[in-house]
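Chains W and R, in that order, give the protein sequences.
Take the position in the first sequence, starting the count at 1, then add 535; the result is the number in the numbering used here.
Take the position in the second sequence, starting the count at 1, then add 535; the result is the number in the numbering used here.
2 protein chains.
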Amino acid sequence: MVLPRFAVIKDYLYQQIESGQWLPGAAVPSENQLAEQFSVSRMTARRALTELTQVGLLTRSQGAGTQVAEQLPTGALLEIRNIADEIAERGHQHRADVLALNEVLCPATIAQQLGLVPDTAVFFSRIRHLEVDRHGQATAIQLEERYVIKAIAPGYLEQDFSRQTPSAYLSAISPLSEADHWVEAVMPSAAVQDWLSLSAETPCLKLSRRTSSVRLGKVKKQQQIVNFAILYHPGDKYRLGGHLVTGV
Amino acid sequence: MVLPRFAVIKDYLYQQIESGQWLPGAAVPSENQLAEQFSVSRMTARRALTELTQVGLLTRSQGAGTQVAEQLPTGALLEIRNIADEIAERGHQHRADVLALNEVLCPATIAQQLGLVPDTAVFFSRIRHLEVDRHGQATAIQLEERYVIKAIAPGYLEQDFSRQTPSAYLSAISPLSEADHWVEAVMPSAAVQDWLSLSAETPCLKLSRRTSSVRLGKVKKQQQIVNFAILYHPGDKYRLGGHLVTGV
DNA sequence: AAGTGGTCTAGACCACTTG
DNA sequence: AAGTGGTCTAGACCACTTG
């Protein structure tokens, strides 16, 4: 197995750091030093340094040099999957019941998230997502409540969300987006219990998400809040899973 | 504001995709075509393509060309922060009470996570993390139960975990690591209620994490499971927050 | 056979930080 | 003033996919 030259240098740097030979904050050889040491061009040495910087192992600054990054295991990441994909991956069927799809006056708490004044008219959808197994047994695993800025998706109320999820529809409309989200453990309200067929003692995983559409300008980034969604999951039937480098 | 040439090309490609002019799966101009179109060298055009590929906007394959990536908003990410950092960021004090620090015979459920046979001896720690505000008011926000492979950290039982978190200690010992984790909503057991001073009706956010130490070999990656941790958080006093591109 | 992306070179000029 | 990283060029050779 022949590694490209830049990969050989990456390996070398990686080993020095992983083994603890180079501690966080330590100076790393410069592009020119590595180029000479490995008999490659500066561009090749540079590539090794750049790629390790991109994954967070090194920090670089013009004029000052390259260092081993501080505090590698700062934060781990949890992946939030699309509910329909997740179900499909388990080889099960996804079914969506549209419980509500209308225009509402935005409650104050939601208005705050959307950057609107309370009682502004917004589109609202409430959808129950069910997982149907091979025997036809259906289990409710997510209740989705979504508030959408009207101007963003004028045709929202005309969609058939039992066929395409609101998420898929909105993605198609504003392809690239940015999201803030957070997770809490809550006891379900009587209404949520009813919609998800839960007992009063089952806690829920509540995922809140605010999405913005992003447009990269020449100078600055323009953001436009698109929607706010609250996703409830039965605590005993759903997990948010993840996998990523770093974190103990 | 003068953008570097590769950034101008990135902007152009980004706009084509963001505006929907180029749909997922569509062919993107080749390196040579872009080089000519923007009057730059192939390496510069290549850089624009490479960087957009790294963030997942494009897919490339040797011989076949470059395409707009399918299913951009596939999964969002949630960041899991280190509890001590999080508290410090809010300008509060972190306090850790070591409730247990000893050697135990590994319960079957934990053994399965660690890849051990049940009843193997492992190190165990149970720590209560508290947030102390400006008025000296302390609130328990995390109960950490951790099972550590003995060979990985022989000195584990001698550490003072009220001063340095187990996470920080283990990071120092095996600098680079990889983790699987998942989040659930659960009702706390009587013991957990007691340790976190919770009422019986408060649900908990339960974060489970299995960490492996990783060594990149020339040919394959070697993994070594390091520890398994369960972190309980009061549902009404704690949120897992995140922010990242993609996802509606 | 022609075109694509992947690797690599030996130069260049620049902005920046450091002694 | 010397060294660093950031950008860029005009070439080269290669493995690979496609008509």
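For glycine and all other residues, C-beta sits at the position ideal for the given N, C-alpha and C.
Small disclaimer: the values here were computed from a predicted structure and weren't measured.
Assigned secondary structure, residue i (DSSP; H/G/I helix, E/B strand, else coil)
{"i": "Asp632 (chain R)", "result": "strand"}
{"i": "Leu538 (chain W)", "result": "coil"}
{"i": "Val780 (chain R)", "result": "The pLDDT assigned to Val780 (chain R) is 46, lower than 50, so where the model puts this residue is not dependable; a value taken from the coordinates is nonetheless given after this. It is a strand residue."}
{"i": "Phe763 (chain R)", "result": "strand"}
{"i": "Val715 (chain W)", "result": "The amino acid at residue 715 (chain W) is misidentified as Val; the sequence shows Asp. Asp715 (chain W): strand per DSSP, three-state reduction."}
{"i": "Leu692 (chain W)", "result": "helix"}
{"i": "Val563 (chain R)", "result": "strand"}
{"i": "Leu569 (chain R)", "result": "helix"}
{"i": "Arg577 (chain W)", "result": "helix"}
{"i": "Arg582 (chain R)", "result": "helix"}
{"i": "Leu775 (chain R)", "result": "strand"}
{"i": "Gln602 (chain W)", "result": "strand"}
{"i": "Leu592 (chain R)", "result": "coil"}
{"i": "Val754 (chain W)", "result": "In this prediction, Val754 (chain W) has a pLDDT of 43, which is less than 50 and means its spatial position is unreliable; nothing more can be read from the coordinates."}
C-beta neighbour in chain R for residue i, strict 7 Å
{"i": "Ser718 (chain W)", "result": "Looking at the sequence provided, one finds Val at residue 718 (chain W) rather than Ser. Yes, its Cβ sits closer than 7 Å to a Cβ of chain R."}
{"i": "Leu587 (chain W)", "result": "no"}
{"i": "Arg681 (chain W)", "result": "no"}
{"i": "Leu775 (chain W)", "result": "yes"}
{"i": "Arg540 (chain W)", "result": "no"}
Assigned exposure category for residue i - 16 Cβ within 10 Å defines buried
{"i": "Gly560 (chain W)", "result": "exposed"}
{"i": "Thr737 (chain R)", "result": "buried"}
{"i": "Asn637 (chain R)", "result": "exposed"}
{"i": "His768 (chain R)", "result": "buried"}
{"i": "Gly770 (chain R)", "result": "buried"}
{"i": "Arg582 (chain W)", "result": "buried"}
{"i": "Ala663 (chain R)", "result": "According to the sequence displayed, residue 663 (chain R) carries Arg and not Ala. Arg663 (chain R) is buried by the Cβ-count criterion."}
{"i": "Gly782 (chain W)", "result": "Annotation note: pLDDT 42 at Gly782 (chain W) (below 50); position unreliable, coordinate value reported separately. The residue is buried, with at least 16 neighbouring Cβ atoms inside 10 Å."}
{"i": "Glu726 (chain W)", "result": "At residue 726 (chain W) the sequence reads Ala, which differs from the Glu that was named. The residue is exposed, with fewer than 16 neighbouring Cβ atoms inside 10 Å."}
{"i": "Ser706 (chain R)", "result": "buried"}
{"i": "Pro539 (chain W)", "result": "exposed"}
{"i": "Thr644 (chain R)", "result": "exposed"}
{"i": "Pro642 (chain R)", "result": "exposed"}
{"i": "Ala623 (chain W)", "result": "exposed"}
{"i": "Arg681 (chain W)", "result": "buried"}
{"i": "Ala580 (chain W)", "result": "buried"}
{"i": "Ala635 (chain R)", "result": "exposed"}
{"i": "Glu621 (chain R)", "result": "buried"}
{"i": "Asn567 (chain W)", "result": "exposed"}
{"i": "Gly752 (chain R)", "result": "Note that Gly752 (chain R) scores a pLDDT of 46, beneath 50, so its modelled location is shaky; the value from the coordinates is reported in the next line. Exposed is the call here."}
{"i": "Val590 (chain W)", "result": "exposed"}
{"i": "Leu733 (chain W)", "result": "buried"}
{"i": "Leu548 (chain R)", "result": "buried"}
{"i": "Pro689 (chain R)", "result": "exposed"}
Residue j beta carbon less than 7 Å from that of residue i
{"i": "Trp717 (chain W)", "j": "Arg774 (chain R)", "result": "yes"}
{"i": "Ile687 (chain R)", "j": "Val761 (chain R)", "result": "yes"}
{"i": "Leu665 (chain R)", "j": "Arg630 (chain R)", "result": "yes"}
{"i": "His719 (chain R)", "j": "Lys741 (chain R)", "result": "Rather than His, the amino acid found at residue 719 (chain R) in this sequence is Glu. In contact: Glu719 (chain R) and Lys741 (chain R) (Cβ atoms closer than 7 Å)."}
{"i": "Glu693 (chain R)", "j": "Ser747 (chain R)", "result": "no"}
{"i": "Pro723 (chain R)", "j": "Ser660 (chain R)", "result": "no"}
{"i": "Asp654 (chain R)", "j": "His627 (chain R)", "result": "no"}
{"i": "Phe658 (chain R)", "j": "Tyr691 (chain R)", "result": "yes"}
{"i": "Gly600 (chain W)", "j": "Ala562 (chain W)", "result": "yes"}
{"i": "Phe763 (chain R)", "j": "Gln602 (chain R)", "result": "no"}
{"i": "Ile552 (chain R)", "j": "Phe573 (chain R)", "result": "no"}
{"i": "Ala675 (chain R)", "j": "Leu593 (chain R)", "result": "no"}
{"i": "Thr588 (chain R)", "j": "Arg595 (chain R)", "result": "yes"}
Minimum Cβ-Cβ distance from residue i to chain W less than 7 Å
{"i": "Val721 (chain R)", "result": "yes"}
{"i": "Leu593 (chain R)", "result": "no"}
{"i": "Leu733 (chain R)", "result": "no"}
{"i": "Gly770 (chain R)", "result": "yes"}
{"i": "Cys641 (chain R)", "result": "no"}
{"i": "Leu740 (chain R)", "result": "yes"}
Residue i CB to nearest heavy atom of the ligand GTP below 6 Å
{"i": "Thr579 (chain R)", "result": "Ligands are entirely absent from the displayed structure, and the ligand GTP is therefore not among its contents."}
Checklist entry - Which ranges would you report for the beta strand (DSSP E) in the segment 694-743 of chain R if only whole runs of at least 3 residues count? => result 712-721, all fully within the segment 694-743 of chain R.
Checklist entry - Which residue spans inside the segment 624-687 of chain W form an unbroken beta strand (DSSP E) run of at least 3? => result Whole beta strand (DSSP E) segments, 3+ residues: 628-640, 656-667 and 673-683.
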